[in-house]
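So the structure is just underneath, and the comments pick up after that.
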Amino acid sequence: MRLLYSKPSPYSSKVRMSAHLCGLALDCVPTDTGAEGDDLLSTNPLGKIPALELDDGSVLYDSRVICEYFDRASGNLLIPQTLEGWTICKRIEALADGLTEAVMATLYEVRYRPEEKRHQPWVDKQWRRAHRGLDALEADVANLPEAPSLAHFAVASDLGWIHLRYPGAFEEKNPGLVRWLDGFYAANLAYADLKPVA
Ligand SMILES: N[C@@H](CCC(=O)N[C@@H](CS)C(=O)NCC(=O)O)C(=O)O
Numbered sequence: 245m246r247l248l249y250s251k252p253s254p255y256s257s258k259v260r261m262s263a264h265l266c267g268l269a270l271d272c273v274p275t276d277t278g279a280e281g282d283d284l285l286s287t288n289p290l291g292k293i294p295a296l297e298l299d300d301g302s303v304l305y306d307s308r309v310i311c312e313y314f315d316r317a318s319g320n321l322l323i324p325q326t327l328e329g330w331t332i333c334k335r336i337e338a339l340a341d342g343l344t345e346a347v348m349a350t351l352y353e354v355r356y357r358p359e360e361k362r363h364q365p366w367v368d369k370q371w372r373r374a375h376r377g378l379d380a381l382e383a384d385v386a387n388l389p390e391a392p393s394l395a396h397f398a399v400a401s402d403l404g405w406i407h408l409r410y411p412g413a414f415e416e417k418n419p420g421l422v423r424w425l426d427g428f429y430a431a432n433l434a435y436a437d438l439k440p441v442a
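Residue numbers for the sequence shown follow my numbering, beginning at 245 and rising by one.
Set out below in structure tokens:
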């Protein structure tokens, strides 16, 4: 399977960690979404990463869908199958990914809009959304069992990206998340190489 990805991308990091747990080999192809290249657009018409090309040539995109595929392909190694376990796992994934999307929107505002066109009230709204999400996540990670799952990878990847792009944005306000991250990597060293990096 071929994964179009980039090293800083949090959603790509989540997918790569998930493939590792599922024992699935990926041919990871560094991809610049800004270039809107043919390889990317023919794999994902939305022009976003991560995007996956399966061995039979068919394609899958959106990290949540790709991770669902890995879970099914591996006989459910990634996502808990009890109703309670599934609910906690998928809620935490949605929360971590959603708050990261809000922070990413603030980065894109600066990266892609000329200064005179930026709208600070909209940026402030994204940060309020992100901080509410981080507070909820800090409480919710206590519900996660030790054994790594999709939820662990979402939290580790998403917080890793925020730390990379906005160091200090949550570390002081949400010390429980810093403790959780430290504990996660201490217990699961293999995943440290897959976290978002510049
Ligand atoms: N919901 C998608 C979000 C994917 C996404 O936003 N990826 C970013 C990189 S982390 C991207 O491709 N951005 C380029 C763009 O928006 O043009 C997922 O979970 O895969």
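Yeah, the Cβ is synthetic: ideal placement off N, Cα and C, and Gly gets one too.
*How many Å lie between LEU351 and LEU433 at the Cα?*
Within the sequence shown, residue 351 is the residue found at index 107, counting from 1. Within the sequence shown, residue 433 is the residue found at index 189, counting from 1. Those two C-alpha atoms are separated by around 29 Å.
*asked:* Just list the residues that DSSP pairs TYR305 with in beta bridges.
replied: Position 61 of the sequence shown holds residue 305. Bridge partners of TYR305: ALA295.
*Leaving aside the five residues before and after GLY420 along the sequence, list all residues of the same chain whose C-beta is less than 6 Å from its C-beta, in chain order.*
The residue given as residue 420 occupies position 176 in the sequence shown. The residues are GLU382.
*Who are LEU248's beta bridge partners in DSSP?*
For the purposes of this step, residue 248 is taken as the residue at position 4 of the sequence shown. In the DSSP secondary-structure assignment, LEU248 is bridged to VAL273, ALA295.
*Since I believe TYR435 is in contact with ALA400 (beta carbons under 8 Å), could you give me their beta-carbon distance rounded to a whole number of angstroms?*
Here the question's residue 400 lines up with position 156 in the sequence shown. Here the question's residue 435 lines up with position 191 in the sequence shown. With a beta-carbon spacing of about 7 Å, ALA400 and TYR435 fall inside the 8 Å limit used to define contacts.
*Could you name the residues whose beta carbon sits closer than 5 Å to any heavy atom belonging to ligand 1, keeping them in chain order?*
So the residues near ligand 1 by this Cβ test are SER253, TYR255, THR277, LYS292, ILE293, ASP306, SER307.
*Report all residues from its chain with a CB closer than 7 Å to the CB of TYR313; omit the five preceding and five following residues, and keep chain order.*
On the sequence shown, position 69 is the one that residue 313 refers to. Setting aside the 5 residues that flank it on each side, TYR313 is surrounded in the same chain by LEU304, each with a C-beta closer than 7 Å to its C-beta; the list follows chain order.
*Count the other CB atoms within 10 Å of the CB of ALA442; is the residue buried (16 or more) or exposed (fewer)?*
Reading the sequence shown from its first residue, position 198 is the one you call residue 442. Counting the other Cβ atoms within 10 Å of the Cβ of ALA442 gives fewer than 16, which makes it exposed.
_the stretch 366-384 contacting the stretch 340-349, beta-carbon criterion three pairs below 8 Å_ = By the Cβ criterion, the stretch 366-384 is in contact with the stretch 340-349, since at least three pairs of Cβ atoms, one from each stretch, lie closer than 8 Å.
*Could you check if PRO289 is buried or exposed, using at least 16 other CB atoms within 10 Å of its CB as the buried criterion?*
Locating residue 289 in the sequence shown gives position 45, counting from the first residue. PRO289 comes out exposed.
*Under 8 Å between the Cβ atoms of LEU321 and LEU284?*
Taking the first residue of the sequence shown as position 1, residue 321 is located at position 77. Taking the first residue of the sequence shown as position 1, residue 284 is located at position 40. LEU284 sits away from LEU321, with the two beta carbons spaced by 8 Å or more.
_Just to confirm the assignment: which complete alpha helix (DSSP H) runs, minimum length 4, are found wholly within the stretch 308-384?_
With a minimum length of 4 residues, the continuous alpha helix (DSSP H) runs that stay inside the stretch 308-384 are 327-356, 364-384.
*Pick helix, strand or coil for TYR410, following the three-state DSSP scheme.*
By 1-based counting over the sequence shown, the position of residue 410 is 166. When secondary structure is reduced to three states using DSSP, TYR410 falls in the coil class, being assigned neither helix nor strand.
*With a threshold of 16 other CB atoms inside 10 Å of the CB of ARG316, please say whether the residue is buried or exposed.*
One-based indexing of the sequence shown puts residue 316 at position 72. Around the beta-carbon of ARG316, fewer than 16 other beta-carbon atoms lie within 10 Å, marking it exposed.
*Would you kindly report the start and end of the unbroken alpha helix (DSSP H) that includes ALA263?*
For the purposes of this step, residue 263 is taken as residue 19 along the sequence shown, with counting starting at 1. Run containing ALA263: 254-266, per the alpha helix (DSSP H) assignment.
*Spatial neighbours of ARG439 in its chain, beta-carbon cut-off 7 Å, leaving aside the 5 residues before and after*: Along the sequence shown, read from residue 1 onward, the residue named residue 439 stands at position 195. Note on identity: in this sequence residue 439 is Lys, with Arg being the wrong assignment. So the qualifying residues of the chain are SER257, ALA400, SER401, GLY404.
*Assign LEU284 to one of three DSSP states: helix, strand, or coil.*
Against the sequence shown, residue 284 aligns to sequence position 40. Residue state for LEU284 is assigned as helix, using DSSP reduced to three classes.
*State yes or no: is the C-beta of ALA395 within less than 8 Å of the C-beta of ILE310?*
Taking the first residue of the sequence shown as 1, we reach residue 395 at position 151. Taking the first residue of the sequence shown as 1, we reach residue 310 at position 66. No, the Cβ-Cβ distance between ALA395 and ILE310 is not below 8 Å.
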